[in-house]
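Worksheet for the structure shown next.
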Amino acid sequence: MYFGAPVWPLQWDPPYDEPIKRLHALGFKGVEMIGWSRKALDEYYTPETIEHLKELIAGLGMVVTNFNHTPEGIASMDPEVSIAKFSDFCRTIDVAAALGSPNVTMVAAFPFGKSHWDFIELRHLAEMQVWSYGEIGQDWEANYEQFVDVVRRCCAYAREKGVRVLIEAHPYRWVNSTQSMLRLIEHVGADNLGMNFDPSHLFPQGDMPEWAVHMLKGRLWHTHFSDNDALTNVHWRPGQGKINWKAVMKALDDIGYEGAINFELEDVPGAATPTSAVHGAKISNEIEHEMAMAKAYIAGLCAEQGIAIE
1 MYFGAPVWPL
11 QWDPPYDEPI
21 KRLHALGFKG
31 VEMIGWSRKA
41 LDEYYTPETI
51 EHLKELIAGL
61 GMVVTNFNHT
71 PEGIASMDPE
81 VSIAKFSDFC
91 RTIDVAAALG
101 SPNVTMVAAF
111 PFGKSHWDFI
121 ELRHLAEMQV
131 WSYGEIGQDW
141 EANYEQFVDV
151 VRRCCAYARE
161 KGVRVLIEAH
171 PYRWVNSTQS
181 MLRLIEHVGA
191 DNLGMNFDPS
201 HLFPQGDMPE
211 WAVHMLKGRL
221 WHTHFSDNDA
231 LTNVHWRPGQ
241 GKINWKAVMK
251 ALDDIGYEGA
261 INFELEDVPG
271 AATPTSAVHG
281 AKISNEIEHE
291 MAMAKAYIAG
301 LCAEQGIAIE
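The numbering of the sequence shown is the UniProt record's numbering, which starts it at 1 and goes up by one.
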């Protein structure tokens, strides 16, 4: 195992040269990239920029661990919408393969192609009057099969490019727990479908993160590490919430996980947001302090247990 981190908590939007350099200065081996939109996938990730990024990352002795893009609406029952979003994810796979990423991740789709803006995920459920995905009587089984089918097609396309498709569980989506991930794997039937393990989303859903690791053995290919109190869906640094990270690291070591431990600290002091400065640029050095503390904390837990970290 080795430590890495995504670019977007340091700088939300491209260009990403500076956050990559900052991660290197903090001692991270892995870097995780993202394309927030089809526009970014097409206009920023040009062949020239991809080659530049590959040279930069390799020159720093780093590796790309994962590439993220979530095509909201991919589970829509409207064929035009679903086809367009499938095309977006195929473009994502192309970019990931060109960058040399072994993985491409999407957050699981909302049922019926809903948008996260419809739900405002971080708001407490107690503040909501009625929880609804739309009209009562919609065909849930048909929509799940729609999601299964499009994920199966994504996996087939990714296999041609030598890339694995990872799903990240989020509350209120088709994959919101370890069990729902395993169900999707069973229904899709693709050997290159796995999970981006983010216990900050699983823990508030009632999953036991260390047991989730064991259940996902053989299909857990990437991680997002952040902590919370199980009451909200936030991303604090490990050690600030209630997740038992010592147990999580022991479980990962037990199953033979050899990939990246990526710190996704989106809700810590200094973290970039879509509205911070110009293009979500650096707003303070505080996040660098948070990331250094997160890395030191997990490294300490590993040292206590004799777990090797590169």
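Ideal Cβ placement from N, Cα and C applies to all residues, glycine included.
The structure presented is a predicted model; accordingly, all values stated were derived computationally and were not measured.
Proximity of residue i and residue j at Cβ, strictly below 8 Å
i, j, result
"P14", "E266", "no"
"K217", "I243", "no"
"I287", "A299", "no"
"A190", "R152", "yes"
"V165", "P199", "no"
"I167", "M106", "yes"
"H222", "H201", "no"
"V104", "T92", "yes"
"Q205", "S177", "yes"
Range covered by the beta strand (DSSP E) that runs through residue i
i, result
"L26", "Counting along the chain, L26 falls outside any beta strand (DSSP E), and DSSP gives it neither H nor E."
"H52", "No beta strand (DSSP E) contains H52, which is instead part of the alpha helix (DSSP H) from P47 to G59."
"V107", "N103 to V107"
"W221", "L220 to T223"
Nearest-angstrom beta carbon gap, residue j and residue i [assumed within contact, 8 Å]
i, j, result
"V188", "V148", "6 Å"
"A5", "E32", "7 Å"
"V95", "F67", "6 Å"
"D253", "I185", "So it is not a contact: roughly 23 Å between Cβ atoms."
"N196", "H224", "6 Å"
"F89", "C155", "With a Cβ gap of about 11 Å, F89 and C155 do not count as contacting."
"V163", "F86", "V163 to F86, Cβ: 15 Å. No contact."
Proximity winner among the options, relative to residue i (alpha-carbon distances)
i, options, result
"A251", "M208, G194 and E286", "M208"
"G239", "N228, T232 and N233", "N228"
"F28", "P19, W36 and I185", "P19"
"E141", "R237, W174, Y45 and G73", "W174"
"V64", "I34, I74 and G206", "I34"
"K54", "Y16, E264 and C155", "Y16"
"residue 315", "Q146, Y172, E80 and H52", "This structure leaves residue 315 out entirely; the chain is present only between 1 and 310."
"T70", "K114, T232, G137 and S180", "K114"
"T273", "M1, W36 and L23", "W36"
"A158", "A98, W211, L231 and R22", "A98"
"G270", "R237, A75, G194 and G259", "R237"
"A75", "Y45, N143 and L41", "N143"
Span of the alpha helix (DSSP H), counted from its first residue to its last, around residue i
i, result
"I185", "T178 to V188"
"L202", "P199 to L202"
"I93", "P79 to L99"
"F144", "The residue asked about is misnamed: residue 144 is Tyr in this sequence, not Phe. From DSSP, the alpha helix (DSSP H) with Y144 extends over W140 to K161."
(request) Pick out the complete beta strand (DSSP E) segments inside the region 241-293, 3 residues or longer, and give them in chain order. (result) Taken in chain order, the complete beta strand (DSSP E) segments of 3 or more residues contained in the region 241-293 are 260-262.
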